[in-house]
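Residue numbering for the sequence shown follows the numbering used here, starting at 1182 and increasing by one per position.
Backbone N, C-alpha and C fix where the C-beta goes; we use that ideal spot for every residue, glycine too.
Read through the structure below, which is laid out as structure tokens, and then see the notes.
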Amino acid sequence: MRRLFIVICLLSATLLCNATITLPDSMLTIKSAYNVTNSDTSLAIIQTMRQRQLAEKWQLDMAEADYCYATMDYTKAVRLYQAVYDSGEAKSDATIYLALLARLMQTHDIMYDENELVTYMVELKDAARRYKNDAYLAMADFTLGKRKHYHRKKQEGLEMCAKAVEVMKASDYFRKYNELCSNYTDLLQMYAEDGRYDDAMRMSLLQEEAALRIKGVSANNKETLRYVYGMRASLLAKAGRKEEADRAYDEWKKQDGGNAVVDRPILDYLIIYKHYEQARDIIHDYCNLLRNQKDNYSYRMITMLTTAAQVETALGDTSAVARHSREIKAIADSLHIDKSYSMMQKSWDLIRTEKDVKLKNSLVSILGLLLLFSTAIGLIILYYSRRLRRRNEKLVKALNSVEAYRNMAMGAMESSSEEPTNVETTGSPESAKETAEASETIVDENERLFVKLDGQITRNRLFLNPNFGRDDMARLIGVDKNRIGHIMSRYSDASNASVYINTKRVEYGAKLLLEHPEYTIAAIANECGMTNTVTFNRTFKEVYGMTPSEYRTKPQKNQKGLKWCGE
């Protein structure tokens, strides 16, 4: 216990010693605040100068705003820049005034504040023209090019940005290489968004070249290169160039000085190649940074929380996903912007889907499979039972209707035929009366001819002749053979003469199947006038809804008492 107490005391003393940075008087100048390579030292210079009132307030505000911009504390930066702008003091120096307008424009661009961005972009263009400063005019043009690209005028926007960068490269102005590094970063992202990865990679190399020439607060080469390699690794990962991406990732790891701001560009690489634990740590640090900067309700936080939800979903942490979704909703509600709400909605959809999948246990899965299996079995049983019932109904209906119709047709044919036939006529007075009544209903000539034709074919079993066809049918009733097809389609269930004849054959075959169980199917088919057994089987199934073999094995109760009407 004593040892632990001693260790705590030593650590506390060390932290207290490091908390205060002692600065010589020679360093307490605005120029020194910009030129030192350590950001903590830069901030200490500015704070010490405030305490001692060694410079004008607007000058210190401008310097601290630039420090915040360099360390990506944009919320505080824009507040300080706005204070300098409102003071009006910066207008006395054209260079500072142009730099201030450029920073206000760029900060509002980063913070997705479209209205303020346009306001300061227009003012910067006017001031740059007034002071004849090509570099700052090019900065305004670059931002306008980004807007055009964002609003789907991609090629026009890229060309405008590229032209502006060339002007800036040829000019000399405050924090030149910081600006160029930022411009190459924007161009890299635009090219990558358009799928032009070779052009994006070219921008990455130019970004690295500019970053190495930065002086002042952002001149820590380890941090700068870590940022560049992180962005390059993510770019190559998106392009599907894994080996190159892995090399860039190895270079990223070699650079010291990692922090939430510097490490953020590596996130896409980590997520694409499933380094979720490392990605989660970086996201956590970056979200804490935004909270410390009082930037809780912003697009940057929404974007980071959406990425966090994606990572937590992959890691299976549904509670963290739900927490992030609530934060996203709260931020979106506070911004009242459709785009934010859309991002939140997508995140909610992702969360709900993933959460439902994760919460399913083995019991629910088994029950679902059992339900699916039971439903499938039930549907199969229902299908086959209905099919069987329809087939039986069709069989009984076909047999009964054939018998009844044949009796009526033969009687009608006997009474209405004008031509003598070799068919013997028999019947009682009652049947003659019924036949006479049936004949009175036949008012159509084609119908009369059909009754006559059907009666002769049925009673004389002309269909048993394998060669019996349409020409023979036409001769029986004395009409043109082309008329036979019309008569068949109009007054029978057959579409043509061939189907009609084959139907007669299988009806006769049904009788033989029951009367002669010793006959083979082939023998019965041949007896019916169909030399092709395949045709006989197919036609039989079309008429009776089952094959000849199935018909023969069916219970006979529905067939009892039925006889072939030709007998």
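{"Item": "Assign G1559 to buried or exposed, taking buried as 16 or more other Cβ atoms, counted over all protein chains shown, within 10 Å of its Cβ.", "Value": "exposed"}
{"Item": "Tell whether a beta-carbon distance below 8 Å holds between L1261 and L1235.", "Value": "no"}
{"Item": "To the nearest whole angstrom, what separates the beta carbons of Y1168 and Y1478, a pair I think is in contact under 8 Å?", "Value": "Beyond the ends of the chain as shown, which are 1182 and 1748, falls residue 1168; an answer cannot be given."}
{"Item": "Apart from the five residues just before and just after A1258, which ones in its own chain have a Cβ nearer than 6 Å to its Cβ?", "Value": "A1246, C1249, Y1250 and T1288"}
{"Item": "Alpha carbon to alpha carbon, how far is V1502 from L1241? Give it in angstroms, no decimals.", "Value": "42 Å"}
{"Item": "In this structure, does DSSP put R1356 in helix, strand or coil?", "Value": "coil"}
{"Item": "Quick check: the region 1455-1469 against the region 1489-1496, are there 3 or more CB pairs under 8 Å?", "Value": "yes"}
{"Item": "Which term fits D1206, buried or exposed, when burial requires 16 or more other beta carbons within 10 angstroms of its beta carbon?", "Value": "exposed"}
{"Item": "Counting along the chain, where does the alpha helix (DSSP H) carrying M1485 start and finish?", "Value": "Y1480 to L1496"}
{"Item": "Give me the Cα-Cα distance between Y1354 and Y1317, rounded to the nearest whole angstrom.", "Value": "9 Å"}
{"Item": "Roughly how many angstroms lie between the CA atoms of T1639 and S1676, to the nearest whole one?", "Value": "18 Å"}
{"Item": "Report the rounded CA-to-CA distance for E1432 versus K1357, giving the unit in angstroms.", "Value": "26 Å"}
{"Item": "Return the chain-ordered list of same chain residues with a C-beta closer than 8 Å to the C-beta of R1422, the five sequence neighbours on each side being excluded.", "Value": "Y1378"}
{"Item": "Are the CB atoms of Y1450 and S1415 within a distance shorter than 8 Å?", "Value": "yes"}
{"Item": "Report back the beta-carbon spacing between A1706 and G1690 to the nearest angstrom; my notes put them in contact at under 8 Å.", "Value": "7 Å"}
{"Item": "Taking the straight line between their C-alpha atoms, what separation do you get for V1398 and G1411?", "Value": "Only weak support exists for where V1398 lies, its pLDDT of 49 falling under 50; the value from the coordinates is given anyway. Distance between the alpha carbons of V1398 and G1411 is about 20 Å."}
{"Item": "Hey, L1694 and E1708 are a contact pair by Cβ (cut 8 Å); roughly how many whole angstroms apart?", "Value": "At roughly 11 Å, the Cβ-Cβ gap does not stay under 8 Å, so L1694 and E1708 are not in contact."}
{"Item": "Can you find the residues in the same chain that come closer than 6 Å, C-beta to C-beta, to M1711, ignoring five residues on each side of it along the sequence?", "Value": "R1686 and F1717"}
{"Item": "Which value, in whole angstroms, describes the spacing of the CA atoms of K1272 and D1437?", "Value": "40 Å"}
{"Item": "Suppose you measure from the CA of N1440 to the CA of D1466; what does that come to, to the nearest Å?", "Value": "8 Å"}
{"Item": "When you compare the CB of K1423 with every CB in chain B, is at least one pair closer than 8 Å?", "Value": "The question asks about chain B, but that chain is absent: this structure has only one protein chain."}
{"Item": "Classify V1624 as helix, strand or coil using the three-state DSSP reduction.", "Value": "Because V1624 sits at a pLDDT of 45, beneath the cut-off of 50, its placement in the model cannot be relied upon, and the point is left open."}
{"Item": "Per the contact definition of three or more C-beta pairs closer than 8 Å, is the region 1337-1344 in contact with the region 1317-1328?", "Value": "yes"}
{"Item": "How long is the line joining the alpha carbons of L1630 and I1658, rounded to whole angstroms?", "Value": "7 Å"}
{"Item": "Express the C-alpha separation of A1678 and E1723 in angstroms, rounding to a whole number.", "Value": "16 Å"}
{"Item": "For A1301, does the three-state DSSP call read helix, strand or coil?", "Value": "Sequence check: residue 1301 is Tyr here, not Ala. Three-state DSSP puts Y1301 in a helix."}
{"Item": "Can you tell which of L1634, R1671 and I1668 has the C-alpha that lies nearest to the C-alpha of R1656?", "Value": "L1634"}
{"Item": "Taking 8 Å as the threshold (C-beta atoms), are V1442 and M1253 in contact?", "Value": "yes"}
{"Item": "Sort R1233, E1237, Y1255 and E1696 by Cα distance to N1473 and report the nearest one.", "Value": "Y1255"}
{"Item": "Please go through the same chain and pick out, in chain order, the residues whose beta-carbon is closer than 7 Å to the beta-carbon of M1341, but skip the five residues on each side of it.", "Value": "D1322, L1325, G1326 and K1329"}
{"Item": "What residue range does the alpha helix (DSSP H) around S1676 cover?", "Value": "Careful: S1676 lies outside any alpha helix (DSSP H) and carries neither H nor E."}
{"Item": "Let's test the definition: count the other Cβ atoms within 10 Å of the Cβ of N1364 and tell me whether it reaches 16, buried, or not, exposed.", "Value": "buried"}
{"Item": "Less than 8 Å between the beta carbons of A1264 and A1244, yes or no?", "Value": "no"}
{"Item": "Rounded to the nearest angstrom, what separates N1469 and F1554 at their Cα positions?", "Value": "51 Å"}
{"Item": "Who are the Cβ neighbours of L1204 in its own chain at under 7 Å, not counting the five residues just before and after it?", "Value": "A1225, I1226 and T1229"}
{"Item": "Please name the residue, chosen from M1669, L1285 and V1715, that lies closest to E1628 on a Cα-to-Cα basis.", "Value": "M1669"}
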